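Numbering (the working numbering), first residue to last: 165 to 519.
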């Protein structure tokens with residue numbers, strides 16, 4: 165009898181604790197899933213899962229670390245819009261699609277700005293980042309899936325920290341009131357844009373694994389692009405898409421060429437497919453900055469082999485605002501592809517590194 169009573173008491177206490185944690189999480193809502201108090205958890209994927217639903221915006225920035233430094237204020241002025249940055253470090257094409265689809269479902273999206281980053285399109289069409297947890301269940305159409313977030317002790321820890329912040333008026337844990345602040349890595353990395361850092365990135369590059377080599381297969385890149393990005397364009401004809409091939413350093417391609425001699429042909433084929441499949445749409449504006457050799461051959465523009473400085477972001481935004489040199493059209497597609505391929509074939513890595 166005593167054992168039975170103990171089981172009843174234990175079950176009751178556990179249920180009350182469980183219910184209490186869930187209630188606190190629902191009331192505090194630390195990830196802004198159902199309300200937005202302007203306080204964001206310093207976890208890009210979870211912060212954006214809430215912001216995409218409850219923030220006030222009519223335009224979005226997609227992508228990964230290449231768009232984390234894009235200035236929202238400047239884009240707002242350029243497009244007379246209200247942008248939200250849905251970029252996350254190491255984003256996959258599938259992750260970007262899930263964010264974008266939620267944005268289109270919950271908001272009237274006027275403009276999308278996004279790089280065509282071939283790193284994001286590698287692998288399967290539903291690839292998620294290997295390291296960072298991605299809350300797919302917060303972006304689907306089943307509200308009951310959200311319950312797992314609230315009956316969660318990790319969520320409770322965020323809620324508790326927010327309560328302490330409010331009571332003590334003290335910063336406990338990683339929170340910010342600046343959504344854009346979640347993404348800007350240049351503030352901490354601005355001293356890394358030098359020849360020394362660039363050359364070290366090359367020295368420490370490592371070898372391309374067999375698995376990685378297979379994941380960059382042109383057929384996989386093309387399939388992922390169609391499944392994760394082209395579908396957004398097709399399904400949202402009233403939204404303007406400003407998309408661009410980002411200016412990786414010319415040396416970056418050597419990472420692949422050394423292990424995959426046919427890589428240049430494959431990446432050119434991928435770009436050709438992107439151009440041919442998007443240009444027929446009147447709501448698409450495509451730019452190619454990979455032919456900007458005055459940028460891509462200068463080591464001081466990069467902190468590593470692919471990440472460029474905000475000064476290069478300004479070149480990109482200037483072109484988007486007033487196209488002059490890098491706009492892709494049906495008439496210049498073949499010329500741009502030929503120029504890009506010719507540059508990679510004649511590029512000498514000694515132009516950027518001494519050894």
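Quick reminder that beta carbons are idealized off the backbone N, C-alpha and C, glycines included. Every value quoted in this text rests on a predicted model; they were computed, and no experiment measured them.
### Query
CB-CB under 6 Å to residue 417, same chain, minus the five flanking residues each way: which ones, in chain order?
508
### Query
If we call anything under 8 Å between Cβ atoms a contact, is residue 411 one with residue 453?
Judged by beta-carbon spacing, residue 453 lies within the 8 Å limit of residue 411, meaning their Cβ atoms are closer than that value.
### Task
Count the other C-beta atoms from every protein chain shown that fall within 10 angstroms of the C-beta of residue 228, then say buried if there are 16 or more, exposed otherwise.
buried
### Query
If we ignore side chains and look at the alpha-carbon of each, how far apart do residue 487 and residue 449 end up?
Roughly 10 Å between the two C-alpha positions.
### Message
Whole angstroms are fine: how far does the CA of residue 264 sit from the CA of residue 440?
### Response
22 Å
### Beta-carbon proximity list for residue 500, same chain, < 7 Å, skipping 5 on both sides
452, 455 and 492
### Task
Give a yes or no on contact between the stretch 238–246 and the stretch 311–326, applying the rule of three or more CB pairs nearer than 8 Å.
no
### Message
Suppose you measure from the CA of residue 247 to the CA of residue 347; what does that come to, to the nearest Å?
### Response
14 Å
### Query
According to the neighbour-count rule (16 or more other Cβ atoms, all chains shown, within 10 Å of its Cβ), is residue 426 buried or exposed?
exposed
### Query
Out of curiosity, what's the CA-to-CA distance linking residue 567 and residue 495?
With the chain covering only 165 through 519, there is no way to say anything about residue 567.
### Query
From residue 462 to residue 430, what distance separates their C-alpha atoms?
25 Å
### Query
If residue 249 and residue 303 are in contact, beta carbons under 8 Å, what's the gap, nearest whole angstrom?
Not confirmed; about 16 Å, so no contact.
### Query
residue 233: buried (16+ other C-beta within 10 angstroms of its C-beta) or exposed?
buried
### Query
Rounded to a whole number of angstroms, what is the C-alpha to C-alpha distance between residue 262 and residue 518?
43 Å
### Query
Cβ atoms of residue 469 and residue 385: under 8 Å apart, would you say?
no
### Message
If we require 3 or more residues per run, which beta strand (DSSP E) segments fall completely within the stretch 203–287?
### Response
223–225, 247–249 and 275–279
### Message
Counting C-beta neighbours from all protein chains within 10 Å, is the total for residue 370 16 or more, i.e. buried, or is it exposed?
### Response
exposed
#### Entry: Range of the contiguous alpha helix (DSSP H) that encloses residue 353
350–353
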